[in-house]
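Remarks on the structure that follows.
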Amino acid sequence: MRPHRIPTATSPRPPAPMRWANVTAPLTCTRCGVTWMAGDPAITLPCRGCDAGPAQPCRRWAGGNENVCAQRDHDARQAGLLKECEALTWDGRHSKPLRLWASSVGGTVPDAIRTGTPVARFAA
């Protein structure tokens, strides 16, 4: 039986997919229809779940960063920035995903921020 040889040369890892999110764009809850014209109010607070700063999308390593962390939504409700969603939800959270772009849209999205959301979650 021939021994197996594992090659020693490592292939470079591809860079993480990057998406651009405009945190000041109007958002609408997909459950109850409430609209926030200045963007998600929870984004104005720092996130205690993933350590993202104010005005930055959440930075979970597994992706899904188009939605804020549950801790950030909870803090926004405690601060009076958000009310509970009136639709049938088990936790009272609004469903308010950020719209994501594949690249920076020059001039039209002045507050675009890069986020590491996987390609499969890209919408637009």
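Numbers in this note's numbering are just positions in the sequence shown, counted from 1, shifted up by 1362.
Idealized CB from N, CA, C, for every residue including glycine.
Within 7 Å, strictly: CB atoms of asparagine 1429 and proline 1403: Translated into positions along the sequence shown, residue 1429 becomes position 67. Translated into positions along the sequence shown, residue 1403 becomes position 41. Cβ distance not < 7 Å, so asparagine 1429 and proline 1403 don't count as in contact.
Segments of 3+ residues assigned as beta strand (DSSP E) that fall wholly inside the region 1380-1430: Qualifying beta strand (DSSP E) stretches, in chain order: 1381-1384.
Buried or exposed (CB count within 10 angstroms, at least 16 for buried), alanine 1400: Counted from its first residue, the sequence shown places residue 1400 at position 38. By the neighbour-count rule (16 or more Cβ atoms within 10 Å), alanine 1400 is not buried but exposed.
The region 1411-1419 contacting the region 1442-1456, beta-carbon criterion three pairs below 8 Å: No: the two stretches stay apart, fewer than three of their Cβ pairs being nearer than 8 Å.
7 Å Cβ shell around threonine 1392 - same chain, five flanking residues per side excluded: Residue mapping note: residue 1392 aligns to position 30 of the sequence shown, counting from 1. Correct list, in chain order: Ser1457.
Near the ligand MN: methionine 1399 beta-carbon under 6 Å from a heavy atom: The ligand MN is not part of the structure shown, which contains no ligands of any sort.
Element boundaries [alpha helix (DSSP H), containing histidine 1436]: Taking the sequence shown and counting its residues from 1, one reaches residue 1436 at position 74. DSSP places histidine 1436 in the uninterrupted alpha helix (DSSP H) bounded by 1432-1440.
Nearest to alanine 1383 (by Cα), restricted to the options Glu1448, Cys1420 and Arg1434: In the sequence shown, counting from the first residue as 1, residue 1383 sits at position 21. The option with the nearest alpha carbon to alanine 1383 is Cys1420.
Inter-residue spacing [alpha-carbon to alpha-carbon] between glycine 1418 and leucine 1407: Position 56 of the sequence shown, counting from 1, holds the residue named residue 1418. Position 45 of the sequence shown, counting from 1, holds the residue named residue 1407. The displayed chain sequence assigns glutamine, not glycine, to residue 1418. For glutamine 1418 and leucine 1407, the distance between alpha carbons rounds to 9 Å.
Serine 1553 to alanine 1432 span [Cα, whole Å]: For residue 1553 there is no data in the structure shown, the boundaries of the chain being 1363 and 1486.
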